Structure formats: C-alpha cells, structure tokens
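For the sequence shown, my numbering assigns the number 7 to the initial residue and increments by one for each residue that follows.
We put the CB at the ideal spot given by N, CA and C, even for glycine.
These figures come from a predicted structure and were not determined experimentally.
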Amino acid sequence: MLNIVLFGPPGAGKGTQSEKLIQKYGIEHISTGDLFRKHLGEGTELGKLAKKYMDEGNLVPDKVVIGMVDDRINSSKDPKGFIFDGFPRTVAQAKALDELLNAKGIGISGMISLEVPEDELRKRIKERGKTSGRTDDQDDKKVDNRIKVYKEETMPVAKYYEEQGKLSKIHGVGSIDEIFASICKVVDQY
Ligand code: ADP
Numbered sequence: 007m008l009n010i011v012l013f014g015p016p017g018a019g020k021g022t023q024s025e026k027l028i029q030k031y032g033i034e035h036i037s038t039g040d041l042f043r044k045h046l047g048e049g050t051e052l053g054k055l056a057k058k059y060m061d062e063g064n065l066v067p068d069k070v071v072i073g074m075v076d077d078r079i080n081s082s083k084d085p086k087g088f089i090f091d092g093f094p095r096t097v098a099q100a101k102a103l104d105e106l107l108n109a110k111g112i113g114i115s116g117m118i119s120l121e122v123p124e125d126e127l128r129k130r131i132k133e134r135g136k137t138s139g140r141t142d143d144q145d146d147k148k149v150d151n152r153i154k155v156y157k158e159e160t161m162p163v164a165k166y167y168e169e170q171g172k173l174s175k176i177h178g179v180g181s182i183d184e185i186f187a188s189i190c191k192v193v194d195q196y
C-alpha cells in the first residue's frame, strides 16, 4: 500500500497536489480540514465541536481528529493507499496514526514536506480567501495564529518522520506541474 503524509504549512499547496496524486496513483485523499468542513456543513455534533477551534485557527483536540480519521480509513473498501493531508498535525496524532495503521498490518511509506516561504503563504491564503468562502482565510489575525500553531505544534511532526528516515523535502514554489513532478520522483521510489 502507498500511504503518503503530505506535509506543509497552511497555503503550501497540499490540497492541489493531493488532487493530482489521487488521480495518478489511484489512492484515496484524507484531508482532515475537508472532513471537518463537511461535518460543519452538515451541522453534525462533531462539526459544531470543531467549529470553535477552526474559527480561531487553533487545532481541534487530538482525540477527536484521530477518531474521525480512524472512521474514514475503516470506511474504505480495498484501498490502494491513502494521502493524509493536514494530518498528522501534532506528534501525538502521528503516533496514533502509526498505531492505527500497524494494527492493520500497514504503515506510512513516507512524508513529503512542501517547503514554501512565509510571505508566499500569506499571499496564497489571501488569494484563496477571495473565492474559498473560508473565514479562516480572510482574517489576518487568524492566518497569523494558524502559522504560529503550525510552527509550534505541527513542525515537530516532520522531525518524527525524519527520525524514521521517511522525510523528503520538496521546494513548493513554481508551477503546479513542476512541483508535482518533484513529488512523483519521490513517490516512485517508495
Ligand atoms: P490549512 O492547512 O489551510 O490551515 P485545513 O483545511 O487543513 O487548512 O484545516 C483547517 C482547520 O481545521 C485548522 O486550522 C484546524 O482548526 C482544523 N484541523 C484540520 N486538520 C486538523 C488536525 N489534523 N488536527 C487538528 N485540527 C485540524
């Protein structure tokens, strides 16, 4: 199975590259941000709970996220693999994901980290905010907090995979196709 963690700060292009990866490799996309937004739209209890964290640009508690991902994995019939996008976002989530996959006799093939400078991220998020309808993209203070949370809580996740020899860094500035080609070079070696 091909199980990829696509990593990077908000606005790095994880969603865009995930779409191309699922097409090329026939694997399934698990974006925790998208799953939360779906719950929000459907007005589920989980959605209501997640909303107050998302609105501030804070992380939803690990237990909630992990439960949701577990359900999503279990709902797949005979998958070829998964792209995890926006997850794991804390070291606790990364450990929980390893346990969850190990119990099924599978594991993470590797982490791909999209490296993008902060001023470029802010530009992209602002642009996305014009059309995405995402309130967390439209408010500078919320964007600031998401980047801060990323640095403090999420960046250590890269080290977690690096220690397992599973981290590959990709330059995330350039055309979508150029970046995709760099990602594929790594994935084809898994
Ligand atoms: P972005 O990567 O652009 O910040 P996402 O769509 O991945 O956006 O996530 C939006 C929000 O959803 C986050 O700011 C956070 O509140 C919540 N969220 C998404 N994934 C996780 C996660 N793995 N752990 C905790 N909170 C999450």
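- Each of Ser82, Ile189, Val97 was checked against the Cα of lysine 20, and the nearest Cα belongs to Ile189.
- In this structure, leucine 65 has its CB closer than 8 angstroms to one or more heavy atoms of the ligand ADP.
- Per DSSP, phenylalanine 90 is one residue of the beta strand (DSSP E) stretching across 87-91.
- Residue state for glutamate 169 is assigned as coil, using DSSP reduced to three classes.
- Look at glutamine 99: its beta carbon is less than 8 angstroms from one of the heavy atoms in the ligand ADP.
- For leucine 65, no beta strand (DSSP E) encloses it, and the DSSP letter there is neither H nor E.
- Remark: the shortest separation between the CB of isoleucine 112 and any heavy atom of the ligand ADP does not fall under 8 angstroms.
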